[in-house]
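Student:
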Amino acid sequence: MFKFIKRNRNNDDKEIIELDYDRMPKHIAIIMDGNGRWAKERGLPRMMGHREGMKTIKKILDRSAHLGVKYLTLYAFSTENWNRPKDEVNALMNLIIEFAQKEGENLHKNNVKFNTIGDISKLPSNSLKAIKDLKELTKNNEGIVLNIALNYGGRNEIVYATKKICEKVCKGDINIEDINENLMSMNLYTKGMPDPDLIIRPSGEQRLSNYLLWQSAYSEFWYSNIKWPDFSERNLEKAIYDYQNRDRRFGKVKQ
Ligand code: FPP
């Protein structure tokens, strides 16, 4: 049986969105873009945009969990973001600590499992500690998985997986014939997780920016001009609504 939730869109009482709880995307991935422009528009330092963007995480996580999404993956810091001004990089690293300290207990209380993807070993030691502590605190939680991409790059991830597989071949643990798509998936940072059904990019840009390159093979994409700090629960629901009205064929022909 289908259950529906009804919400108004754009504060317009005439327009109703109906979401089908039985066809929720299992995994939503978001490129949290537009923080800098959001701040600039208001004459604020870029960091204020990131700080406001951090508040959006909480709203979108809560609504995703409520809707029954199992994995929420958020692009917080890419392998290329190290090239930003030093002050901004440092501020982002400190924001991660602040997020873990302010939100940690709340995440745990709400049964959220905190996880990261990317090479976190390159993060400053205090950021790394905050991340490890939060992972430890929430490791047995069985609710939504909040996956934060940190020092993450899709190409870097494919190289990382390839090296791991080569090591196994060299050690004689596996043969070259054993290498297949499944083995590749099992050696990515997202090991054991379903591929993202839906990838959302706010702020008007329409590109993947080295995000989940392998995993996005059959993802549905959703773009919007809204900048991440302004992204609302309603925007999330609209993205899911549009997703549910797409025709996903995975290269097959509809019967
Ligand atoms: C992209 O916007 C955003 C980032 C590189 C950082 C995103 C980080 C957060 C939302 C907060 C930190 C996250 C955690 C988990 C604490 P941009 O700066 O490229 O925006 P612009 O394109 O408008 O300049």
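Counting with the numbering used here, you get residues 14 to 268 for the letters of the sequence shown.
Glycine included, C-beta positions come from ideal geometry on N, C-alpha and C.
#1: In the DSSP assignment, the beta strand (DSSP E) including Val158 goes from what residue to what residue?
#2: DSSP on Lys27, reduced to helix/strand/coil?
#3: Would Phe263 be called buried (16 or more neighbouring beta carbons within 10 Å of its own) or exposed?
#4: Only counting the same chain, and skipping five residues up and downstream in sequence, which positions put a Cβ closer than 8 angstroms to that of Leu226?
#5: Just reading off the alpha helix (DSSP H) that Lys88 is part of, what are its end residues?
#6: So does Ile178 have its beta carbon nearer than 7 angstroms to some heavy atom of ligand 1?
#7: Label Asn258 either buried or exposed according to how many other C-beta atoms from any shown protein chain fall within 10 Å of its C-beta, with 16 as the threshold for buried.
#8: Go through its chain and collect everything with a Cβ distance to Ala104's Cβ below 6 angstroms, but skip five positions before and after it.
#9: Assign Pro38 to one of two classes, buried (16 or more other C-beta atoms within 10 Å of its C-beta) or exposed (fewer than that).
#10: With Leu80 and Ile253 assumed to form a contact (beta carbons below 8 angstroms), what rounded beta-carbon distance in angstroms separates them?
Tutor: Per the coordinate set shown:
#1: Translated into positions along the sequence shown, residue 158 becomes position 145. Residues 158-165.
#2: For this step, residue 27 is matched to residue 14 along the sequence shown. With a pLDDT of only 49 at Lys27, under 50, the local geometry of the prediction cannot be trusted, and no value is derived from it.
#3: To locate residue 263, count along the sequence shown from 1; it is residue 250. Counting Cβ neighbours within 10 Å, Phe263 comes out exposed, since fewer than 16 surround it.
#4: Residue numbering aside, residue 226 sits at position 213 when the sequence shown is read from its first letter. So the list reads Gly167, Arg168, Glu170, Ile171, once near-sequence residues are dropped.
#5: As a working mapping, residue 88 is identified with position 75 in the sequence shown. First, the amino acid is wrong: residue 88 is Tyr here, not Lys. Note, Tyr88: premise wrong, no alpha helix (DSSP H); beta strand (DSSP E) at 84-91.
#6: Working through the sequence shown from its first residue, we reach residue 178 at position 165. No, the Cβ of Ile178 stays beyond 7 angstroms of every heavy atom of ligand 1.
#7: As a first step, residue 258 is located in the sequence shown; it is residue number 245 there, counting from the start. The residue in question, Asn258, is exposed, as its Cβ has fewer than 16 Cβ neighbours within 10 Å.
#8: Residue mapping note: residue 104 aligns to position 91 of the sequence shown, counting from 1. Contacts found: Met60.
#9: Here residue 38 corresponds to residue number 25 of the sequence shown, with the count starting at 1. Result: buried.
#10: On the sequence shown, residue 80 is found 67 positions in, with the first residue counted as 1. On the sequence shown, residue 253 is found 240 positions in, with the first residue counted as 1. Right, the Cβ-Cβ distance comes to about 7 angstroms (below 8 angstroms), so this counts as a contact.
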